[in-house]
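So the structure is just underneath, and the comments pick up after that.
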Amino acid sequence: MKTFVYIDHFKGDVQPASWEALGLAKSFGTAVALVFGAGVDDVAKAAVEFGADEVLVADDASLKDYRAETYASTLSALASSHSPNLILLPSTARTRELAAMAAVDLNTGVLTDLVGLEANGDSFVATRPIYEGKLMEKTVCAGKPVMATIRGRAFPKPERAAGKSGTITKVAAAGEAKSSVEGYSASESAVNLGDAGVIVSGGRGVSNNPSLTPPAGLDEKQAEIWRAQQGFALVTELAQLLGGAVGASRAAVDGGYIPYSHQVGQTGKVVAPDLYIACGISGAIQHLVGMRNAKVIVAVNKDADAPIFKQARYGVVGDLFQILPALTEALKKKLGK
Amino acid sequence: MKIIACIKQVPDSEAKVKAEGGQVSWGDAPLVINPFDEYAVEGALQQKEAAGGTVTALCIGPESAKEALKHALAMGADEAILVSDPALNDLDTVGAAKVLAAAIQKLGGADMVIFGRQTLDNGAGLTPPQTARLLGYPMLGLAGSIKVEGSAVTVERVLEEGRQIMKANLPAVLSVVQSIGEPRYPSFMGIRKASKATIPVWSLADLGISTPAAVVTRSELITPPTNTREVEMITGESPAEIAEKLADKIIAEKVL
Chain X
1 MKTFVYIDHF KGDVQPASWE ALGLAKSFGT AVALVFGAGV DDVAKAAVEF
51 GADEVLVADD ASLKDYRAET YASTLSALAS SHSPNLILLP STARTRELAA
101 MAAVDLNTGV LTDLVGLEAN GDSFVATRPI YEGKLMEKTV CAGKPVMATI
151 RGRAFPKPER AAGKSGTITK VAAAGEAKSS VEGYSASESA VNLGDAGVIV
201 SGGRGVSNNP SLTPPAGLDE KQAEIWRAQQ GFALVTELAQ LLGGAVGASR
251 AAVDGGYIPY SHQVGQTGKV VAPDLYIACG ISGAIQHLVG MRNAKVIVAV
301 NKDADAPIFK QARYGVVGDL FQILPALTEA LKKKLGK
Chain W
338 MKIIACIKQV PDSEAKVKAE GGQVSWGDAP LVINPFDEYA VEGALQQKEA
388 AGGTVTALCI GPESAKEALK HALAMGADEA ILVSDPALND LDTVGAAKVL
438 AAAIQKLGGA DMVIFGRQTL DNGAGLTPPQ TARLLGYPML GLAGSIKVEG
488 SAVTVERVLE EGRQIMKANL PAVLSVVQSI GEPRYPSFMG IRKASKATIP
538 VWSLADLGIS TPAAVVTRSE LITPPTNTRE VEMITGESPA EIAEKLADKI
588 IAEKVL
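These protein sequence lines are chains X and W, in that order. Sequential numbering from 1 applies to the first sequence in the numbering used here. Sequential numbering from 338 applies to the second sequence in the numbering used here.
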């Protein structure tokens, strides 16, 4: 059984679910890692250390910035010449496009966002959530190779063996770019909710601290955003202490408190961290579908009737502006940080 | 500018969806336009307002999916087309892309084809890039903003790592995210116009294609166990006492 594992990275920073995909591939047999980009030797070496039996590297100026068309053509060409049984990719914004297009080229299909994958002879049965996680389906792909994207944190991450050496083979890039990358906007910081073990999220309630006096000269809306930012500072402090990420409800994003990339829920990200702390989030269904698969959910809200408490393991009815700093302090002490 | 917004009809987000006899059932919950696709229609209308032209809403589905198309018309789309055929019941994403690409070609192509990020039901998000690949159009996915200048389109893609600014020549396929702007409510005039509109229905024979064979199929449907655990409310005399108790509970869960 030979599996291709596509290592997804952004300027050399690897999406950790790529290594989880590598670990899964090893459980089926031979794992061949694919690394595309320009100047990606370090990523290729890391793939060896995480257990790849071989790494195919397409290191080419034309692959410097991710473009769906060239990356898909390169993947399709390699799959045609190497005939893997399975192509695994971590589930990210880029790989959805890349896998979708390569599947068209290879006349096969993609099983997306998997939380389970079992080999059955030389075919595979995948498990994935549908209808916003209200149902699960088992699904199969009749095409060859089978292509699949796996959800972050759904499969174990293999150990890294630093300094391990292995076969790294250069391969050619293929395809023609149909777009150009003009740049990156610094207005939004990197947010990797899908991979976070802990997420601390804020909702509309974070703007609700009447004891704060905004600086003079702000209009009503600006003052609300200023207040919310003070609230999110508390959320961020706790998230940082726990090595986690900052999430937000749609209400907080729509209110202009925090960029869209932080949004958890139906039109944002679906997450499944070990710990999810919801602060000032009432728990609309659109938010709940995005976080209800977290292992432990803690909710802090002023309103005892807020629906978020129906999903939570632990609840606190209270003022998040008092509870959050106290919780950060208590955890800091107890964790010896 | 000729813009096509591709939409789907799905059960409402509030619907209690369950597995019944191996099929998905949502009881008598209403079917609505896929919420992500409302952003596609909104994005299309914004571009029409900026550059002139027409917006065509395109949907694959049963006769009842005309309601989703009427929603797009009521928002302001100029025309709507339904592709409906009994042979299309078991489409996978590539199959849907093949049907959409054929319908777009029958419409004489487009300058921009706009999708929502994904559907609420299957949620794979594969159909937009697959349609782009089949049409040979560039794919600009997860756009949070769109700007057309002459024959080029520039978008800001919302990625895990921040925003990526990408440019391509038209025609292009785009998928959009929420940052594009809140979908407008249908106006009274729009609703009246939509209720009177005749929506053409195209069959596979009209498109001149055979039924795409599904490569990806479902073998089993599972209802996940429901959350039956009770919430444990943490109380105390002071925030410090509550925080102390809560911190102990969190640490005891061994999730840190």
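For each residue, glycine too, the CB sits at the ideal point set by N, CA and C. The structure displayed is predicted, hence computed values, not measured ones.
Q: Note down, in chain order, every chain X residue with its Cβ under 9 angstroms from the Cβ of P466 of chain W.
A: Indexing the second sequence from 1 puts residue 466 of chain W at position 129. Result: A68, A72, R96, E97, L98, A99, A100, M101 and V104.
**Q.** K302 of chain X to K221 of chain X span [Cα, whole Å]
**A.** Here residue 302 of chain X refers to the residue found at position 302 of the first sequence. Here residue 221 of chain X refers to the residue found at position 221 of the first sequence. Distance between the alpha carbons of K302 of chain X and K221 of chain X is about 22 angstroms.
Q) Is the beta carbon of V347 of chain W less than 7 angstroms from the beta carbon of T456 of chain W? A) Numbered from its first residue, the second sequence carries residue 347 of chain W at position 10. Numbered from its first residue, the second sequence carries residue 456 of chain W at position 119. For V347 of chain W and T456 of chain W, yes; Cβs fall inside 7 angstroms.
**Q.** Where the segment 490 to 505 of chain W meets chain X: residues whose CB sits under 7 angstroms from a CB there
**A.** T491, E493, V495, L496, E497, E498, G499, R500, Q501, I502, M503, K504 and A505
**Q.** Bridge-paired residues (DSSP) for Q360 of chain W
**A.** For the purposes of this step, residue 360 of chain W is taken as residue 23 along the second sequence, with counting starting at 1. According to DSSP, Q360 of chain W bridges with W:E357.
Q: For the beta strand (DSSP E) containing D113 of chain X, list its first residue and its last residue.
A: Taking the first sequence and counting its residues from 1, one reaches residue 113 of chain X at position 113. Where D113 of chain X is concerned, the enclosing beta strand (DSSP E) stretches over V110 to L114.
Q) What does S516 of chain W touch in chain X if you count any residue whose Cβ is under 8 angstroms from its own? A) Here residue 516 of chain W is taken as the residue at index 179 of the second sequence, counted from 1. Correct list: Y260.
Q.
Helix, strand or coil for Y131 of chain X? Go by DSSP, reduced to three states.
A. For the purposes of this step, residue 131 of chain X is identified with residue 131 of the first sequence, where counting begins at 1. Reduced to three states, the DSSP call for Y131 of chain X is helix.
(Q) On the CB-based measure, 16 or more other CB atoms within 10 Å of its CB, does I559 of chain W come out buried or exposed? (A) For the purposes of this step, residue 559 of chain W is taken as the residue at position 222 of the second sequence. Burial call: exposed.
Q.
Contact defined as beta carbons within less than 8 angstroms: I believe P508 of chain W pairs with M449 of chain W. What is the distance between those atoms, to the nearest angstrom?
A. On the second sequence, residue 508 of chain W is found 171 positions in, with the first residue counted as 1. On the second sequence, residue 449 of chain W is found 112 positions in, with the first residue counted as 1. Confirmed, about 7 angstroms.
(Q) Quick check: the Cα distance between R227 of chain X and P210 of chain X, rounded to an integer number of angstroms? (A) Position 227 of the first sequence holds residue 227 of chain X. Position 210 of the first sequence holds residue 210 of chain X. Each residue's Cα considered, the two are about 9 angstroms apart.
Q) Among X:A77, X:D319, X:K64 and X:R160, which one has its Cα closest to the Cα of G205 of chain X? A) The residue you call residue 205 of chain X lines up with position 205 of the first sequence. The option with the nearest alpha carbon to G205 of chain X is X:D319.
Q. Going by other Cβ atoms of all chains shown within 10 Å of its Cβ, with 16 needed for buried, is M503 of chain W buried or exposed?
A. For this step, residue 503 of chain W is matched to residue 166 along the second sequence. Buried: at least 16 other Cβ atoms inside 10 Å.
Q. So is Q322 of chain X in contact with chain W if we call contact Cβ pairs under 7 angstroms?
A. Walking along the first sequence from the start, residue 322 of chain X turns up at place 322. Interface residue, yes.
Q. At a CB-CB cut-off below 9 angstroms, which residues of chain W make contact with E132 of chain X?
A. By 1-based counting over the first sequence, the position of residue 132 of chain X is 132. Simply S350, V354, L457, D458 and G460.
Q: Give the residues from the segment 552 to 581 of chain W that approach chain X closer than 7 angstroms (Cβ to any Cβ), ordered along the chain.
A: V552, V553, T554, R555, S556, E557, L558, I559, T560, P561, N564, R566, V568, E569, M570, I571, P576, A577, I579, A580 and E581
Q) For G315 of chain X, is the classification buried or exposed, using 16 other Cβ atoms within 10 angstroms of its Cβ as the cut-off for buried? A) Numbered from its first residue, the first sequence carries residue 315 of chain X at position 315. Buried: at least 16 other Cβ atoms inside 10 Å.
Q: Identify each residue in the segment 153 to 173 of chain X for which the Cβ-Cβ distance to at least one residue of chain W is less than 8 angstroms, and report them in chain order.
A: Of all residues in the segment 153 to 173 of chain X, none places a beta-carbon less than 8 angstroms from a beta-carbon of chain W.
Q. Applying a beta-carbon distance threshold of less than 7 angstroms, which residues of chain W neighbour T267 of chain X?
A. The residue you call residue 267 of chain X lines up with position 267 of the first sequence. Identification of chain W residues near T267 of chain X by a Cβ-Cβ cut-off of 7 angstroms yields P372, F373 and Q515, ordered along the chain.
Q. Grouping DSSP H, G and I as helix and E and B as strand, with all else coil, what is S282 of chain X?
A. Taking the first sequence and counting its residues from 1, the one referred to as residue 282 of chain X is at position 282. Note: S282 of chain X maps to coil in three-state DSSP.
Q. Near L544 of chain W, which residues of its chain fall below 8 angstroms by C-beta distance, leaving aside the five closest residues on each side in sequence?
A. Residue numbering aside, residue 544 of chain W sits at position 207 when the second sequence is read from its first letter. Within the same chain, L544 of chain W has close Cβ partners V420, V436, A439, A440 and K443.
Q: Find the residues of chain X that neighbour K586 of chain W, judging by a C-beta separation of less than 7 angstroms, and give them in chain order.
A: Along the second sequence, one-based indexing puts residue 586 of chain W at 249. Ordered by position in chain X, the residues that pass the 7 angstroms Cβ test against K586 of chain W are Y314.
Q) Any C-beta of chain W sitting closer than 7 angstroms to the C-beta of T213 of chain X? A) In the first sequence, residue 213 of chain X corresponds to position 213, counting from 1. Answer no: the Cβ-Cβ gap between T213 of chain X and chain W never drops below 7 angstroms.
**Q.** Under the three-state DSSP convention, the category P307 of chain X falls into
**A.** Within the first sequence, numbered from 1, the residue matching residue 307 of chain X stands at position 307. Residue state, collapsed to three classes: coil.
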